Amino acid sequence: MSDHVGKPTKLSYLLVPSMSNNIASLVFGKRLKYDDSERQNLDRLLKEAGTLAGSLTWLAFFPWIKKIVDYFNNGLFE
């Protein structure tokens, strides 16, 4: 955090590792080191889930966009 003082920063880079460590602590009963491959995989999955959830939010507020997205993605949301 001290590297980002006064500068805009993407919070997901700071929050995702913290969330994955909390999840690992609850699920596995232990905290994982930052360079642990299991934890890095969990970080990647959390980022991917956040991206997917964000894209689905648009469809919740603008359902008519689904037809346009389906047209370009060959029925991805069917």
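Residue numbers (this note's numbering): 26 to 103.
For each residue, glycine too, the CB sits at the ideal point set by N, CA and C.
Computed from a prediction, not measured in an experiment: that's the story for all the values here.
### Task
Could you pull the start and end residues of the alpha helix (DSSP H) that LEU40 belongs to?
Here residue 40 refers to the residue found at position 15 of the sequence shown. Looking at the DSSP string, the run of the alpha helix (DSSP H) that includes LEU40 is 37 to 53.
### Query
Rounded to a whole number of angstroms, what is the C-alpha to C-alpha distance between ASP60 and LYS92?
By 1-based counting over the sequence shown, the position of residue 60 is 35. By 1-based counting over the sequence shown, the position of residue 92 is 67. Here the alpha carbons of LYS92 and ASP60 stand approximately 42 angstroms from one another.
### Task
Could you spell out the range, first to last residue, of the alpha helix (DSSP H) harbouring ASP95?
Here the question's residue 95 lines up with position 70 in the sequence shown. Looking at the DSSP string, the run of the alpha helix (DSSP H) that includes ASP95 is 90 to 98.
### Query
Contact check, ARG64 vs ASN46 under 8 angstroms by CB: the rounded distance?
To locate residue 64, count along the sequence shown from 1; it is residue 39. To locate residue 46, count along the sequence shown from 1; it is residue 21. Your pair ARG64 and ASN46 checks out as a contact, with CB atoms roughly 7 angstroms apart and the cut at 8 angstroms.
### Task
With distances taken Cα to Cα, identify the nearest neighbour of LEU71 among ARG56, SER50, MET44.
Start at 1 with the first residue of the sequence shown, and residue 71 comes out as number 46. Closest by alpha carbon: MET44.
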